[in-house]
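**Student:** My questions all concern the structure below.
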Amino acid sequence: MAKMDLGAGLKHHMIPMSWVDRLDEDKVCLNMTKDAAKDAWREKH
-1 MAKMDLGAGL KHHMIPMSWV DRLDEDKVCL NMTKDAAKDA WREKH
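This note's numbering applies: residue -1 is where the sequence shown begins, and numbers increase by one.
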């Protein structure tokens, strides 16, 4: 995932497909809270 978000450190992040609940037009909806995702994601190097 890439997001222009200061809270995310303006970096790309990788998440497993198992976190994805559905796709809605221009956004990805996860099956967990954003805080849980932020705690568990890893940075793309």
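Ideal Cβ positions, reconstructed from N, Cα and C, are used throughout, including at glycine. Source: prediction; values computed, not measured.
1. Taking only the alpha-carbon atoms, compute the straight-line gap between H10 and W39 and give it to the nearest angstrom.
2. Please list the terminal residues of the continuous beta strand (DSSP E) segment that includes D33.
3. Name the DSSP beta bridge partners of D22, please?
**Tutor:** A quick look at the data gives this:
1. 10 Å
2. Unbroken run through D33 is the alpha helix (DSSP H), 32 to 38; no beta strand (DSSP E).
3. K25
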